[in-house]
Amino acid sequence: MKPSTARKTLDVRIRRLISFEEFRELLGIQRRVWRHDETDLTPTHQFCISAPMGGIILGAYVKNHLVGFIYSFPAVHHGRIGQHSHLLAVLPEYQGHGIGKRLKWAQRSWALKLGYDRITWTFDPLQARNANLNLHALGALTSTYIRNLYGLDSKLNLGPGIPTDRFLMDWPIREKRVAERRRGRSDNLDEEALPRALERKDGTAEFLPGTTRLGLTGKRILVEVPENINAWRGRHEPIASWQKGLRRAFEHYFRRGYAAADFLFGDRCFYILEKRRTPRR
Ligand SMILES: CC(C)(COP(=O)(O)OP(=O)(O)OC[C@H]1O[C@@H](n2cnc3c(N)ncnc32)[C@H](O)[C@@H]1OP(=O)(O)O)[C@@H](O)C(=O)NCCC(=O)NCCS
């Protein structure tokens, strides 16, 4: 697998944000990172009330300049209490320097101190780079695929008419697998040896998905995803067909007891599904 990017070492400080002035700065970061309309922004008053009510809001500073932040709040999912992480953003010119990862690990430390066992968050399964961060670097898992979570009109979609499908990630922050990822340890898997439920169609110039294979039964199964879906923004057809293929594969294998548990990032990118429990009825 190829390394992410060449990185310059930056002196980054992470600290908890507590004041109204600090929260107001988060609007500017959201506008730049997501190019949100005013109605899509998480407002200052949401941060002001979350902070004293058990939320964790951390800022990353380079030379006293706020360059990124992470925001989570207490949540209950299927009766289990955790923090739900709703926003993670690093200014474009500071991305790829390890700041996003540091914010996640700092969020974990705070959550552990506060007595939590898990952190959840959502992300778009079509985003390979985020998948690499979430499943590979951090060791989060998912067996929950949510169709069109934020609606079709949301600015969070990849283009007009593309549903905002999301994974709900589960980060079991006290478990050994997460502690090992913290130390940079992960399994070495040979992707050539594993069966593929979805992969690029052979023999076409376009990078389009082939037919989803639903009859696989091994311990580990691969699901391919394009390396950089953002480069296709505005092109409905290839994005919609990859989304359809992923939806079909994940919904099918999640029902049969598989979880997306790791990610291989390279010239070709693959989710690794692992059999973890007996199928849902
Ligand atoms: C997602 C985001 C917060 C990551 O922050 P970042 O500071 O750029 O990320 P980092 O440099 O800490 O990299 C963290 C991990 O992301 C992945 N990553 C980062 N850059 C990558 C690249 N160019 N290619 C592949 N993977 C990459 C890697 O897994 C990396 O871990 P590694 O160094 O162990 O390989 C940032 O890119 C961002 O703000 N994106 C826009 C908003 C967004 O998508 N938010 C998250 C929604 S889930």
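Per our numbering: the sequence shown = residues 27 to 307. In this text, a Cβ means the ideal position worked out from N, Cα and C, and glycines have one as well. The structure presented is a predicted model; accordingly, all values stated were derived computationally and were not measured.
In the structure shown, the three-state DSSP call for LYS245 is coil.
DSSP places PHE233 outside both helix and strand once states are collapsed to three, so it counts as coil. Spanning the alpha carbons of VAL59 and ALA115 requires a straight line of approximately 7 Å. Burial check for PRO151: the Cβ neighbour count within 10 Å reaches 16 or more, so the residue is buried. Separation of GLY54 and SER169 (C-alpha to C-alpha, rounded to the nearest whole angstrom) is 34 Å. Between the beta-carbon of PHE291 and that of ALA154 there is about 6 Å, and that keeps the pair under the 8 Å contact cut. Here GLY94 carries a strand assignment [DSSP, helix/strand/coil].
Under the three-state reduction of DSSP, ASP66 is assigned to helix. By the beta-carbon neighbour count (other beta carbons within 10 angstroms, threshold 16), PHE46 is exposed. Here ILE55 carries a helix assignment [DSSP, helix/strand/coil]. By the neighbour-count definition (other C-beta atoms within 10 Å, threshold 16), MET195 is a buried residue. Its chain contains PHE149 as the residues whose beta carbon lies nearer than 6 Å to that of ASN156, once the 5 sequence neighbours on both sides are disregarded; these appear in chain order. Under the DSSP assignment, GLN153 falls outside any beta strand (DSSP E); it carries neither an H nor an E label. Under the DSSP assignment, ALA86 falls outside any alpha helix (DSSP H), being part of the beta strand (DSSP E) whose first and last residues are 82-88. Taking C-beta separations shorter than 8 Å and ignoring five residues to either side along the sequence, the partners of SER180 in its chain run ASP66, THR190, following chain order. In this structure, ASN156 has its CB closer than 7 Å to one or more heavy atoms of ligand 1.
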